[in-house]
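*Asks:* So the sequences go chain by chain: A and B. Numbering-wise, the numbering used here comes out as the position in the first sequence, counting from 1, plus 5. Numbering-wise, the numbering used here comes out as the position in the second sequence, counting from 1, plus 437. For each residue, glycine too, the CB sits at the ideal point set by N, CA and C. Here it is, the structure in full.
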Amino acid sequence: MNQRLPNSFRTGPDERGHFGNFGGRFVAETLMPLILDLEKAYSVAKADPSFQTEMNGHLKDYVGRPSPLYFAERLTEHLGGAKIYLKREELNHTGSHKVNNVLGQIMVARRMGKKRIIAETGAGQHGVATATLCARFGLECVVYMGAVDVARQAPNVFRMEMLGAKVVPVQAGTRTLKDAMNEALRDWVTNVHNTFYCIGTVAGPHPYPMMVRDFQSVIGEETRKQMQEAEGRLPDSLVACIGGGSNAMGLFHPFLDDPSVEIFGVEAAGHGLTQLHAASIAGGRPGVLHGNRTYLLMDDDGQIQDAHSISAGLDYPGIGPEHSWLHETGRVTYLSATDDAALAAFMLLSRLEGIPPALESAHAIAKVTELAPKRPKDHLMVVNLSGRGDKDIPQITEILKGRKQ
Amino acid sequence: MTTRIDARFAELAKEGRSAFVTFLMAGDPDPQTSLDIIKALPKAGADIIEIGMPFTDPMADGPSIQAAGLRALKGGMTLRKTLDMVRGFRKEDNTTPLVLMGYYNPIYIYGVDKFLSDAKTAGVDGLIIVDLPPEEDDELCIPALKAGLNFIRLATPTTDDKRLPAVLANTSGFVYYVSITGITGAAAADSKVVGDAVARIKRHTKLPVCVGFGIRAPQAARAIAEKADGAVVGTALVDALRDSLDTQGQATAKTVAAVADVVASLAQGVRGAKQAAE
């Protein structure tokens, strides 16, 4: 093993929020005092057993955890290789893994006395989870969403509004997730005194990447225990899709120090890596955006480039800083799947298992269809089914109609 | 080390008046017009010139300055061309301080050491980088000071007395007080509140304190200039520039004069200020 590799992959970030060269706190001065307050409030909460107890209660009775680890028998037979398990995050209340993190952040916000919650959303899953918990705890909720995403994820927009949230369509820039995040940051700078910014992924300034990872790690912790019960041992490989990378970080983190576990992150290759895509590691390089240093899609002048993915939740030109570090240390292998491959995987899982995956999660399934057949039948592969596909059905119907014509 | 910024504030102190600081986006709407505008500013009454470095994702800017950055990028502006513009300005003016303002990523990609050396050679005096708080001083602030450039820090209403010393520690040239919690071009600041804030900052530093965000009209510029060592105006100038463009967003024969006229009237406001009691 390379001597420069760390003894543990699970100790980061350092006190300044760095994962190796990545992460940090690249924000306007207006936000800096609040970010320091948040860091303090989170570290107090983390050390407080009553915080954990309260959270576990909500996770069980409100979210519906633990989520099952399901043996996908027909998918396994079809691919003819590794034994495939699905971690059923799509069965959580609100339909995705996003709720794990939102619950944690809302509990921190309540401790900090913040009554107004803002969030950015791409596919709308994080927005729905935020709107849901704001309804549950009686908090004001404003969700920023790119105008393009508002159009392609209409069911989630209705859901958020029904839950009492205000959805603000963002017309700036490319009108997708990146611009929604810019607009949320602008709101936060303006309303810093009463507002808590509930970031939906393992990105943003420290402590967000760490805090969101911690709240999502319940996915990997449950998986460890459930696989032990089902098979009496650890899984051999993990697969998860990556936009910002919170569902992946949550599944991966508890396994990072188990060298026998192969770990694969799947970025969105859009129309293909030589064309428009959203694969920051495959097609980008380190830069600074939205509060942290990480791999980004950009041009030679450091201008951020438009990402493209069929899936609004992966349509982001960056990735969480801890993923950038795990890529550079070689602990996690980052692959990518195209729009077409994701669409085919969506249909495959729907037909074989009766589970329509979110288009985001379909990217992970797409890669499983390549990885699983090359592995022996006693290889245990876990794929994170991070969200359900109901929200994507109108968009997919349109695409399929277009293809028939 | 004395920079053009230090020298300018020393002159203004002798004249007994505050500085009028202008902000415009480099390359808005095209590199040549932008250079012509910058060249016209000192004569119109600008004491210090801030030049925005366009960035696709300006998270602290309001719609006007966002649009200015996008116009500039569409017109082919790059950080390299911004430095060319500084060189073009310096051919005719070797005394007016020039400060580059923007976000870190384009500089990081250009390469910090190369950027600092090229900026210094081109005639840049200082930098204001919105997304580099003191917690990230190792990135650019310390190297910039070593390279002989001023690193001008933003202090805000959320920067309390406990935090001010850290914010001021490596600041030089002047302190830029952001008068509101918010983005550029948003609500106006109350001059009484601003006066108190400037007094608070001055208890911690001998540096001049300039105030920006929310100043649009000569009267407001005057009110701020009575409380601070300088008043910064950006959005009002960017809006005047935008209003002079044709329907395709291209410069017209009126563009340079349109900006210079607004600068002149704001400068008059600043010059009409009674000097704040020290």
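Kindly indicate which residue of A/Tyr-321, A/Leu-108, A/Pro-174 has the alpha-carbon position closest to the one of A/Gly-62.
*Replies:* The shortest C-alpha separation from A/Gly-62 is found at A/Leu-108.
*Asks:* Kindly list, in the order they appear in chain A, the residues whose Cβ is closer than 8 Å to that of B/Thr-672.
*Replies:* Ordered by position in chain A, no residue passes the 8 Å Cβ test against B/Thr-672, which lies about 14 Å from the chain.
*Asks:* Start and end of the beta strand (DSSP E) containing B/Arg-590?
*Replies:* Neither: B/Arg-590 is in no beta strand (DSSP E) and is coded neither H nor E.
*Asks:* By DSSP, does B/Ala-714 sit in helix, in strand, or in coil?
*Replies:* For B/Ala-714, the predicted model reports a pLDDT of 42, less than 50, meaning its position is unreliable; a value from the coordinates is still stated below. In the structure shown, B/Ala-714 sits in coil (DSSP, three-state: anything other than H, G, I, E or B).
*Asks:* Compare the beta carbon distance of B/Asp-530 and B/Pro-479 with 8 Å and say whether it is the shorter of the two.
*Replies:* Cβ distance < 8 Å, so B/Asp-530 and B/Pro-479 count as in contact.
*Asks:* Could you say which of A/Ile-40, A/Pro-264, A/Ile-324 lies nearest to A/Val-271 if we only look at CA atoms?
*Replies:* Cα-wise, what sits closest to A/Val-271 is A/Ile-324.
*Asks:* Identify whether A/His-23 lies in helix, strand or coil by the three-state DSSP scheme.
*Replies:* In the structure shown, A/His-23 sits in a strand (DSSP, three-state: E or B).
*Asks:* Could you please give the first and the last residue of the uninterrupted beta strand (DSSP E) stretch that includes A/Gly-255?
*Replies:* Careful: A/Gly-255 lies outside any beta strand (DSSP E), inside the alpha helix (DSSP H) at 251-257.
*Asks:* According to DSSP, is A/Met-6 part of a helix, a strand, or is it coil?
*Replies:* Note that A/Met-6 has pLDDT 45, beneath the 50 cutoff, so the model's placement of it is unreliable and no number is given.
*Asks:* Do A/Ala-208 and A/Thr-299 count as a contact pair if the criterion is CB distance below 8 Å?
*Replies:* Yes; because the gap between Cβ atoms is below 8 Å, this pair is in contact.
*Asks:* Give the secondary structure of A/Asn-97 by DSSP, where H, G and I count as helix, E and B as strand, and everything else as coil.
*Replies:* It is coil, neither helix nor strand.
*Asks:* So A/Gln-176 and A/Ala-159 are in contact, right, with Cβ under 8 Å, and what is the actual spacing, rounded?
*Replies:* Going by Cβ atoms, the distance from A/Gln-176 to A/Ala-159 rounds to 17 Å, so no, they are not a contact pair.
*Asks:* State the Cα-Cα distance for the pair A/Asp-311 and B/Ala-450, rounded to the nearest angstrom.
*Replies:* Distance between the alpha carbons of A/Asp-311 and B/Ala-450: 48 Å.
*Asks:* For the candidate residues B/Arg-454, B/Arg-517, B/Gly-539, B/Val-615, whose alpha-carbon lies nearest to that of B/Leu-591?
*Replies:* For B/Leu-591, the nearest C-alpha among the options comes from B/Val-615.
*Asks:* Report all residues from its chain with a CB closer than 7 Å to the CB of A/Trp-193; omit the five preceding and five following residues, and keep chain order.
*Replies:* Correct list, in chain order: Leu-36, Ile-123, Thr-200, Tyr-202.
*Asks:* Give, in chain order, every residue of the region 7-27 of chain A whose Cβ lies closer than 8 Å to some Cβ of chain B.
*Replies:* Under the 8 Å Cβ criterion, the region 7-27 of chain A contributes Arg-21.
*Asks:* Report the residue from B/Met-538, B/Ile-589, B/Val-567, B/Leu-682 whose alpha carbon sits nearest the alpha carbon of B/Met-496.
*Replies:* If we check each option's Cα against that of B/Met-496, B/Val-567 comes out closest.
*Asks:* Could you name the residues that DSSP lists as bridge partners for A/Lys-171?
*Replies:* Beta-bridge pairing links A/Lys-171 to A/Val-147.
*Asks:* How big is the Cα-Cα spacing for A/Ala-346 and A/Val-373?
*Replies:* Approximately 11 Å, taken between the alpha carbons.
*Asks:* Give a yes or no on whether the minimum CB-CB distance between B/Phe-492 and chain A is below 8 Å.
*Replies:* Yes - at least one Cβ of chain A is within 8 Å of the one on B/Phe-492.
*Asks:* Just list the residues that DSSP pairs B/Pro-645 with in beta bridges.
*Replies:* According to DSSP, B/Pro-645 bridges with nothing at all.
*Asks:* Could you tell me whether the Cβ atoms of B/Lys-557 and B/Leu-586 are closer together than 8 Å?
*Replies:* The answer is yes: Cβ separation under 8 Å.
*Asks:* Excluding the 5 residues flanking B/Gln-687 on each side, which residues of the same chain have their C-beta closer than 7 Å to its C-beta?
*Replies:* Result list for B/Gln-687: Pro-466, in chain order.
*Asks:* Where B/Phe-457 and A/Phe-27 are concerned, what is the direct C-alpha to C-alpha distance, given to the nearest angstrom?
*Replies:* Going from the Cα of B/Phe-457 to the Cα of A/Phe-27 covers about 39 Å.
*Asks:* Using the beta-carbon of each residue, which ones in chain B are nearer than 7 Å to A/Pro-174?
*Replies:* Those within 7 Å of A/Pro-174 in chain B number zero; the least Cβ separation is about 14 Å.
*Asks:* With distances taken from CA atoms, which of B/Lys-476, B/Leu-569, B/Ala-463 is nearest B/Gly-512?
*Replies:* Here the closest residue by C-alpha is B/Ala-463.
*Asks:* Per the contact definition of three or more C-beta pairs closer than 8 Å, is the region 366-380 of chain A in contact with the region 301-311 of chain A?
*Replies:* Too few Cβ pairs lie closer than 8 Å, so no.
*Asks:* For B/Val-733, which beta-bridge partners are listed by DSSP?
*Replies:* Residue numbering for chain B in the displayed model covers 438 to 715; residue 733 of chain B lies beyond these limits and cannot be assessed.
*Asks:* Which residue comes first and which comes last in the alpha helix (DSSP H) that contains A/Asn-187?
*Replies:* Segment 182-195, the alpha helix (DSSP H) holding A/Asn-187.
*Asks:* Here's the rule: buried if 16 or more other CB atoms are within 10 angstroms of the residue's CB, otherwise exposed. What is A/His-102?
*Replies:* With 16 or more other Cβ atoms within 10 Å, it is buried.
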